[in-house]
Amino acid sequence: MISDFASLGTRDLYRLLKLRCDVFVVEQHCAYPELDGRDDEPGTLHLWLDAPDGSIAACLRILDEPGGGARIGRVVTAAAHRGRGLAGKLLAEALERIGPGRDVVLDAQTTATGVYERFGFTVCGPAFDDEGIEHVPMRRPAA
């Protein structure tokens, strides 16, 4: 599924935010403002895959960046659905939506860089701590 913020129904919005809070705040013990004010920015797209039980199995968002690039963020898969390539499916769809003519950036947990490298992303800066979890900035240049 894919939607901009204005078209998200309340049920889908709740399911997206619940998964993100369940993983980022509860599972990963990161007490931070998960609702960062960017979900409803013009141009933001939310992509997700539904689970059979009615929850969301995985999701991500695409943000417009200054200068015309794009940012992929909030990539998350529910614990019960990990190891099935769902993040990869969402990344492929996100990159198709973004198109080849735009630079794409993201901040990856260092343990997940291999997933992004398969899609042409490379580390483009030093590692940094984000709420106790090591991340690296990654970039995929426009084709």
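When we follow this note's numbering, the leftmost residue of the sequence shown carries the number -8, and every step to the right adds one. A virtual CB, placed ideally from N, CA and C, is assigned to each residue, including glycine.
Where residue i and residue j are concerned, what is the direct C-alpha to C-alpha distance, given to the nearest angstrom?
{"i": "Glu125", "j": "Gly64", "result": "15 Å"}
{"i": "Val16", "j": "Gly59", "result": "30 Å"}
{"i": "Ala133", "j": "Asp41", "result": "30 Å"}
{"i": "Phe119", "j": "Leu8", "result": "25 Å"}
{"i": "Tyr107", "j": "Ala49", "result": "16 Å"}
{"i": "Cys12", "j": "Pro91", "result": "31 Å"}
{"i": "Pro33", "j": "Pro24", "result": "20 Å"}
{"i": "Asp3", "j": "Gly105", "result": "29 Å"}
Could you have a look at residue i and say whether DSSP puts it in helix, strand or coil?
{"i": "Asp55", "result": "strand"}
{"i": "Phe15", "result": "helix"}
{"i": "Glu122", "result": "coil"}
{"i": "Leu97", "result": "strand"}
{"i": "Asp41", "result": "strand"}
{"i": "Arg6", "result": "helix"}
Starting from residue i, trace the beta strand (DSSP E) in both directions and tell me its first and last residue.
{"i": "Val67", "result": "Ala61 to Thr68"}
Pull up the DSSP beta-bridge partners for residue i, would you.
{"i": "Asp(-5)", "result": "Leu36"}
{"i": "Cys50", "result": "Trp39 and Val67"}
{"i": "Thr113", "result": "Arg130"}
Grab the span of the alpha helix (DSSP H) containing residue i for me, first residue to last.
{"i": "Thr104", "result": "Thr104 to Glu108"}
{"i": "Leu86", "result": "Leu77 to Ile89"}
### Message
When you compare the segment 73 to 81 with the segment 89 to 101, are there three or more beta-carbon pairs, one atom per stretch, that lie closer than 8 Å?
### Response
no
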